[in-house]
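Peer 1: The following block contains the structure, expressed as structure tokens.
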Amino acid sequence: MRLLAAAAVGMAASIVPVVAMAQDNAKPDLAAGQEIAATVCVACHGTDGNSPTSANPLIAGQHAGYLAKQLRDFKSVDGADPTRPSALMAGFASMLSDEDIRNVSAYFASQALKPVTASEKELVELGQQIYRGGIAAKGVPACAACHGPTGAGIPVQYPRLNGQYAEYTAAELTKFRQGERNNNIEMTAIAERMSDAEIRAVSDYIAGLR
Numbered sequence: 002m003r004l005l006a007a008a009a010v011g012m013a014a015s016i017v018p019v020v021a022m023a024q025d026n027a028k029p030d031l032a033a034g035q036e037i038a039a040t041v042c043v044a045c046h047g048t049d050g051n052s053p054t055s056a057n058p059l060i061a062g063q064h065a066g067y068l069a070k071q072l073r074d075f076k077s078v079d080g081a082d083p084t085r086p087s088a089l090m091a092g093f094a095s096m097l098s099d100e101d102i103r104n105v106s107a108y109f110a111s112q113a114l115k116p117v118t119a120s121e122k123e124l125v126e127l128g129q130q131i132y133r134g135g136i137a138a139k140g141v142p143a144c145a146a147c148h149g150p151t152g153a154g155i156p157v158q159y160p161r162l163n164g165q166y167a168e169y170t171a172a173e174l175t176k177f178r179q180g181e182r183n184n185n186i187e188m189t190a191i192a193e194r195m196s197d198a199e200i201r202a203v204s205d206y207i208a209g210l211r
């Protein structure tokens with residue numbers, strides 16, 4: 002009986018990832034995603050993911066898998082604190098089913114990004130140095146190693162950064178550094194080694210990447 006029970010548990014455990022993978026690979030409904038964007042997300046992110054203010058990220062053209070992960074990370078699971086705390090986003094994310102998340106993430110990913118530009122010329126050299134070469138003395142790796150030379154990122158694994166509001170990027174790096182955002186161990190370790198000036202410089206440089 003114990004062997005049968007163990008086998009059943011093992012089978013159940015193996016089924017869960019398969020089911021999750023099937024859900025993630027299901028074809029998204031862009032029309033349904035657009036409806037969610039127009040009713041739930043529009044106030045902060047605009048109808049197409051091009052947020053009008055730097056307090057909210059530009060999510061048009063962002064990788065669908067990354068967007069979906071972030072929406073799930075805003076949610077509380079089994080009463081535990083979300084790994085990406087946000088009172089505002091937790092409320093919106095809690096309204097969305099897995100299917101909703103897949104659809105709205107795919108919709109925003111399909112939209113064209115309207116990128117912003119870098120604005121602080123005096124920070125370009127330092128920002129470029131950090132993005133392309135890291136900070137060797139502090140053990141900070143080059144951002145380009147994961148996010149690519151143009152900031153395009155790698156679908157699912159690493160988000161697209163280029164053309165993003167510098168203010169938003171800097172705010173998120175600061176949250177990683179302070180432990181307010183806990184959904185990426187690597188980014189927490191990196192941000193902990195960066196000063197305010199370094200964060201500001203690389204964030205502005207990222208805004209100008211294409």
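Under this note's numbering, the first residue of the sequence shown is numbered 2, with each subsequent residue one higher. A virtual CB, placed ideally from N, CA and C, is assigned to each residue, including glycine.
1. How far does the alpha helix (DSSP H) with K176 in it reach, from first residue to last?
2. Any idea which residues DSSP pairs Y159 with across the strands?
3. Could you round the C-beta distance between R178 and E193 to whole angstroms and report it? I think they count as a contact, below 8 Å.
4. Helix, strand or coil: which one does DSSP assign to Q24?
5. Does the distance from the CB of R85 to the CB of D74 come in under 7 Å?
6. What's the C-alpha gap between G80 and L124?
7. Taking the continuous alpha helix (DSSP H) assigned at F109, which residues delimit it?
8. Once you ignore the five residues that flank P116 on each side, which residues in its own chain have a CB closer than 6 Å to its CB?
9. For D49, is the classification buried or exposed, using 16 other Cβ atoms within 10 angstroms of its Cβ as the cut-off for buried?
10. Bridge partners for V141 per DSSP, in chain order?
11. Near Y108, which residues of its chain fall below 6 Å by C-beta distance, leaving aside the five closest residues on each side in sequence?
12. Could you check if A56 is buried or exposed, using at least 16 other CB atoms within 10 Å of its CB as the buried criterion?
13. What's the C-alpha gap between P53 and C42?
14. Below 8 Å, how does it come out for the segment 134-141 and the segment 204-211: are there three or more Cβ pairs, yes or no?
15. Applying the criterion that 16 or more other CB atoms from any shown protein chain within 10 Å of the CB defines a buried residue, is M195 buried or exposed?
Peer 2: Well, looking at it:
1. Within the sequence shown, residue 176 is the residue found at index 175, counting from 1. Start and end: 167-179.
2. Position 158 of the sequence shown, counted from the start, is the residue given in the question as residue 159. In the DSSP output, where bridge partners are listed per residue, Y159 has I155.
3. Locating residue 178 in the sequence shown gives position 177, where the first residue counts as 1. Locating residue 193 in the sequence shown gives position 192, where the first residue counts as 1. The C-beta distance from R178 to E193 rounds to 5 Å, short enough to fall under 8 Å.
4. Locating residue 24 in the sequence shown gives position 23, counting from the first residue. Low per-residue confidence applies at Q24: pLDDT is 49, beneath 50, and the placement is therefore not dependable enough to give any value.
5. As a position in the sequence shown, residue 85 is number 84, starting the count at 1. As a position in the sequence shown, residue 74 is number 73, starting the count at 1. Result yes, Cβ atoms of R85 and D74 sit closer than 7 Å.
6. Counting from one through the sequence shown, the residue named residue 80 turns up at place 79. Counting from one through the sequence shown, the residue named residue 124 turns up at place 123. Using only the alpha carbons, I get a separation of about 43 Å.
7. As a position in the sequence shown, residue 109 is number 108, starting the count at 1. Here the alpha helix (DSSP H) through F109 covers 99-110.
8. Taking the first residue of the sequence shown as position 1, residue 116 is located at position 115. Hits under 6 Å: G164.
9. Working through the sequence shown from its first residue, we reach residue 49 at position 48. D49 should be labelled buried.
10. Looking up residue 141 in the sequence shown gives position 140. Looking at the DSSP assignment, V141 forms a beta bridge with I136.
11. To locate residue 108, count along the sequence shown from 1; it is residue 107. These residues qualify, in order along the chain: L31, G34, Q35, A38.
12. Your numbering for residue 56 matches position 55 in the sequence shown. In this structure A56 is exposed. Its beta-carbon is surrounded by fewer than 16 other beta-carbon atoms within 10 angstroms.
13. As a position in the sequence shown, residue 53 is number 52, starting the count at 1. As a position in the sequence shown, residue 42 is number 41, starting the count at 1. Their backbone Cα atoms lie some 12 Å apart in a straight line.
14. No: the two stretches stay apart, fewer than three of their Cβ pairs being nearer than 8 Å.
15. Position 194 of the sequence shown holds residue 195. Buried, by the Cβ-count rule.
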